[in-house]
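Numbering (UniProt numbering), first residue to last: 1 to 301. Data block below; observations after.
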């Protein structure tokens, strides 16, 4: 069966969801909740409304985990990966549970869902540009994630249809300029890294010219990141590297934005990574509205 964004949630371990939900709730309510006295534990229903049309929904497993932790249930109308809209306001899910508990989970759940959906929406639009241009490569995120929030942000990339890139420092070796300068040469840095990571990890080297890329590939690097090159410089350097090292993967990074990404598409570039996927990304506007209880007198009328 082919992968769809609806199945992306299967990649998240249940215990990780529970742990994150508990941390977010503890951060938001470390002591008493005085407002809980006002509403008590009566059963209520709240409607999750999306107020940013044409957004991609992402983050429902985290949203649900928060409410599960406080004894509420969530019934989703949309699934992760669905586009919400086109109406200005769209009913997205219904949350039910004790009033004070539902309101305990409201803000942590909304914060997560808004940000994750925003990232997924940007990713989806970037991938749409690549597909429309017929580019063969992968749009990718970076490790420029929010501390403590990496898993949801990487999940958003998965739902949005772009590559998550490496998850952390242990996932793949990336030798950036500071590593090279501290090691005194690209060749020494690659050889030292390979002696530790062995055959099971790829090695990527940040380079600023075709010459540096050739040194990295000659030393055994699997991927060369051509960093902060202007598009025309990038195309020339990438072609030169592919001609000499046909199996080498070429990544373009630095200065790439949603507005100019098409200028970096090339038959010789395999990956284009953008830090703006997680940095400065607009959020999707969600709100949770508790429905007013129907009075007995109204029912009798």
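A virtual CB, placed ideally from N, CA and C, is assigned to each residue, including glycine.
What does the alpha-carbon distance come out to for the pair residue i and residue j?
i: residue 219; j: residue 262; result: 31 Å
i: residue 73; j: residue 96; result: 5 Å
i: residue 40; j: residue 174; result: 53 Å
i: residue 86; j: residue 50; result: 10 Å
i: residue 226; j: residue 121; result: 27 Å
i: residue 240; j: residue 154; result: 32 Å
i: residue 99; j: residue 59; result: 23 Å
i: residue 267; j: residue 253; result: 16 Å
i: residue 167; j: residue 221; result: 19 Å
i: residue 117; j: residue 81; result: 9 Å
i: residue 33; j: residue 102; result: 12 Å
i: residue 260; j: residue 136; result: 17 Å
i: residue 170; j: residue 132; result: 34 Å
i: residue 190; j: residue 176; result: 11 Å
i: residue 209; j: residue 280; result: 29 Å
When DSSP labels each residue in this structure, what does residue i get in the three-state scheme?
i: residue 135; result: coil
i: residue 93; result: strand
i: residue 214; result: helix
i: residue 302; result: With the chain running from 1 to 301 in the structure shown, residue 302 is simply not present.
i: residue 177; result: helix
i: residue 230; result: coil
i: residue 103; result: helix
i: residue 197; result: helix
i: residue 75; result: strand
i: residue 47; result: strand
i: residue 273; result: strand
i: residue 119; result: helix
i: residue 140; result: strand
i: residue 261; result: helix
i: residue 67; result: helix
i: residue 98; result: strand
i: residue 1; result: Summary for residue 1: the model assigns pLDDT 33, below 50, so the residue's position carries little reliability; its value from the coordinates is reported in the next sentence. If DSSP states are grouped into helix, strand and coil, residue 1 belongs with coil.
i: residue 288; result: strand
i: residue 60; result: helix
i: residue 157; result: helix
i: residue 169; result: coil
i: residue 110; result: helix
Below 8 Å on the Cβ atoms is my guess for residue i versus residue j; work out the distance and round it to an integer in Å.
i: residue 283; j: residue 107; result: Not a contact, Cβ separation roughly 13 Å.
i: residue 138; j: residue 271; result: 5 Å
i: residue 112; j: residue 152; result: 6 Å
i: residue 53; j: residue 88; result: 6 Å
i: residue 12; j: residue 61; result: 6 Å
i: residue 83; j: residue 56; result: 6 Å
Can you tell me whether residue i is buried or exposed, with buried defined as 16 or more other CB within 10 angstroms of its CB?
i: residue 235; result: buried
i: residue 24; result: buried
i: residue 207; result: buried
i: residue 224; result: buried
i: residue 38; result: exposed
i: residue 67; result: buried
i: residue 211; result: exposed
i: residue 156; result: buried
i: residue 69; result: buried
i: residue 196; result: exposed
Could you check whether the Cβ of residue i sits closer than 7 Å to any heavy atom belonging to the ligand FMN?
i: residue 115; result: Although the ligand FMN was asked about, the structure shown includes no ligands whatsoever.
Do the stretch 138-148 and the stretch 272-282 meet, that is, are 3 or more Cβ pairs less than 8 Å apart? Touching, per the Cβ criterion.
At least three beta-carbon pairs within less than 8 Å, the stretch 153-167 to the stretch 119-126: Yes, the stretch 153-167 touches the stretch 119-126.
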